[in-house]
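Reminder that position 139 of the sequence shown reads as 138 in numbering that gives the first Met the number 0, one-by-one numbering, no gaps. Backbone N, C-alpha and C fix where the C-beta goes; we use that ideal spot for every residue, glycine too. Small disclaimer: the values here were computed from a predicted structure and weren't measured.
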Amino acid sequence: MRYIDMQTNPRRAQFEYFQSFANPYASVTVPCDITPLKDRRPFFLTFLYCAIQAANAIPELRRRIVDGRVVEFDNCISSHTVALPDETYCYCELDCSMPFEEFLPYAMAKVEQAKTHPSMDDVEPERLFFVTSFPWASFTGIHLPTTQPADSNVRITFGKAYEQDGKYLLPTDLTVHHALADGVHIAKFFQKFEENCRNLR
Numbered sequence: 000m001r002y003i004d005m006q007t008n009p010r011r012a013q014f015e016y017f018q019s020f021a022n023p024y025a026s027v028t029v030p031c032d033i034t035p036l037k038d039r040r041p042f043f044l045t046f047l048y049c050a051i052q053a054a055n056a057i058p059e060l061r062r063r064i065v066d067g068r069v070v071e072f073d074n075c076i077s078s079h080t081v082a083l084p085d086e087t088y089c090y091c092e093l094d095c096s097m098p099f100e101e102f103l104p105y106a107m108a109k110v111e112q113a114k115t116h117p118s119m120d121d122v123e124p125e126r127l128f129f130v131t132s133f134p135w136a137s138f139t140g141i142h143l144p145t146t147q148p149a150d151s152n153v154r155i156t157f158g159k160a161y162e163q164d165g166k167y168l169l170p171t172d173l174t175v176h177h178a179l180a181d182g183v184h185i186a187k188f189f190q191k192f193e194e195n196c197r198n199l200r
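Below, the structure is given as structure tokens:
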């Protein structure tokens with residue numbers, strides 16, 4: 000990881016401005032084209048991998064505010080919700096930096112481990128992408144709970160995929176701390192996510 004000097008950063012004014020907001024988050028929901036993944040299994044872990052790889056490709060999404068300073072991590076990991084039989088859930092942290100063929104068996108084992116020993120504790124919270132899924136319905140927007148004071152973690156939320164005009168679309172929401180990222184960075188994420196879905200082998 001490295002520290003970013005915001006005094007010399009081009010986004011200094013935006014950084015200082017949005018830190019004063021009670022709700023400093025920007026959120027955009029896009030129906031992402033994941034058609035090439037429609038028949039891939041396990042479905043969730045496959046598109047999760049593509050999304051986290053996309054988020055990690057954008058430096059601004061790897062940045063966090065820690066003790067008033069901006070830290071950029073070399074690689075962030077996902078912490079996604081895992082459904083439990085009693086209709087509650089736990090968290091499962093995954094490193095998506097490895098090749099996909101190595102990721103799948105590793106991720107499936109981690110999910111089973113999370114179900115056996117459910118926990119909502121985060122080992123290294125600042126380094127996480129917070130990921131959740133709402134697979135029961137498609138949505139065009141979503142409002143997420145956030146901490147007080149505001150944390151700076153990126154949040155990714157997936158809805159129920161659906162078919163439209165010959166495409167398989169996945170409602171995907173990206174929520175960022177506006178002091179660290181803008182619309183251009185959000186757009187880059189969605190572009191990279193769809194690109195990763197097209198190119199996954």
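- Contact check for Ala160 against Leu169 passes: the beta carbons are separated by less than 7 Å.
- Residue state for Glu86 is assigned as coil, using DSSP reduced to three classes.
- Excluding residues up to 5 positions away in sequence, Ser78, Tyr90, Glu92 and Leu127 lie with their Cβ nearer than 8 Å to the Cβ of Asp121 in the same chain.
- If you check the CB distance, Thr131 and Thr156 come in under 7 Å.
- With the rule of 3 Cβ pairs closer than 8 Å, the segment 193-200 counts as touching the segment 36-54.
- By DSSP's assignment, Pro170 forms a beta bridge with Pro30.
- In this structure, the beta-carbon distance from Ala50 to Phe138 does not fall below 7 Å.
- In the structure shown, Thr146 falls within a coil segment according to DSSP collapsed to helix, strand and coil.
- The alpha-carbon of Gln6 is positioned some 13 Å away from that of Gly67.
- Taking C-beta atoms as the reference points, Arg154 and Phe129 count as a pair closer than 7 Å.
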